[in-house]
Ligand code: AMP
């Protein structure tokens, strides 16, 4: 995740990705690594003096949401310079045409016309490096990153075909709610669009934001039948409310028995119950910043040791090793 805004995340990040990270790392099936991608964030204009706070805020959010540093590795991208090194080598097997097709590049260059930089264009190559550097097989992301991940797979195949089987092909892993819409109901939830509920919003703020949230435009008054499949509030219920209750909400919405106001009230309670413990852990961590910094330091150390090995293999495969025995 990019450390944007104040570094803290919104519930789109949480329900689309972070919650999944927590359960995957707890299952213990994978050796997992989670990164704060500050080098990616440098593609948007920012104040250098604010970046440390943003990085800290994102790392703190990871830990507050439940990532346990004893079960996974949490680190900051710029602490492992091999990400940038691998990105360069991968860029030499990445077709320009593929980068031109990336929706996020098109959207961002439209949104930030004054700063369409080369980093924004090659962003997916750095993302491929983030993944391949650790020979990752599974990448838990939200829907908006699936296209980039497809390109990572393509880059992986191209590299392996040219230089030998160095990397396994990574696969995306999505949650049941891979795309959380914003409170406007029109666009993806995003901090920069001002349509987000933040992970650290207080209960009253959550209540107010949900009250004003867009639902189904055809359900105008109490008693009108609703269409849960087009309602963002219902999507949030599917992510947070127990399955049996979700079915009941679905049926009552369709019959008109459940009004939007009551449906939002139920969601407010469920969401605040989910966020409460996360916010309590965040407050604890804020009072002991050195705990977060220690996690990042040892995470970086572990990440660097994997990265060093991968880069030795990559350089060897690419012939960038003049000291190798000459035949
Ligand atoms: P970002 O830092 O915005 O690139 O996003 C970090 C992670 O959160 C990525 O895995 C995204 O796919 C995911 N994400 C961001 N916004 C949303 C959203 N509105 N719904 C679902 N997932 C999201």
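In our numbering, the protein residues as written are -11 to 315. Cβ atoms here follow ideal geometry from the backbone N, Cα and C, with glycine treated the same way. Note that the coordinates shown come from a computational prediction; the quantities given were computed from them, not determined experimentally.
Who pairs with residue i in a beta bridge, going by DSSP?
i: residue 109; result: Answer by DSSP bridge pairing: none, since residue 109 is not bridged.
i: residue 169; result: 176
i: residue 23; result: 63
i: residue 186; result: -2
Taking only the alpha-carbon atoms, compute the straight-line gap between residue i and residue j and give it to the nearest angstrom.
i: residue 63; j: residue 115; result: 15 angstroms
i: residue 137; j: residue 209; result: 42 angstroms
i: residue 130; j: residue 166; result: 5 angstroms
i: residue 26; j: residue 282; result: 18 angstroms
i: residue 203; j: residue 219; result: 5 angstroms
i: residue 253; j: residue 262; result: 14 angstroms
i: residue 51; j: residue 240; result: 37 angstroms
i: residue 45; j: residue 191; result: 20 angstroms
i: residue 264; j: residue 228; result: 13 angstroms
i: residue 214; j: residue 173; result: 15 angstroms
i: residue 267; j: residue 301; result: 42 angstroms
i: residue 49; j: residue 147; result: 35 angstroms
i: residue 99; j: residue 310; result: 45 angstroms
i: residue 87; j: residue 71; result: 18 angstroms
What residue range does the alpha helix (DSSP H) around residue i cover?
i: residue 61; result: That residue, residue 61, is in no alpha helix (DSSP H); its beta strand (DSSP E) goes 60 to 64.
i: residue 139; result: 134 to 151
i: residue 301; result: 277 to 306
i: residue 210; result: Counting along the chain, residue 210 falls outside any alpha helix (DSSP H), and DSSP gives it neither H nor E.
Please list the terminal residues of the continuous beta strand (DSSP E) segment that includes residue i.
i: residue 219; result: That residue, residue 219, is in no beta strand (DSSP E); it is neither H nor E in DSSP.
i: residue -6; result: Here residue -6 belongs to no beta strand (DSSP E), and DSSP marks it neither H nor E.
i: residue 128; result: 126 to 128
i: residue 322; result: Because the chain spans -11 through 315 in this model, residue 322 falls outside it and cannot be assessed.
For residue i, count the other beta carbons within 10 Å of its own beta carbon; 16 or more makes it buried, fewer makes it exposed. Which is it?
i: residue 206; result: exposed
i: residue 272; result: exposed
i: residue 186; result: buried
i: residue 9; result: buried
i: residue 338; result: The question about residue 338 has no answer here: the residues shown for the chain are numbered -11 through 315.
i: residue -9; result: buried
i: residue 102; result: exposed
i: residue 316; result: Because the chain in this structure spans residues -11 to 315, residue 316 falls outside the shown range and cannot be described.
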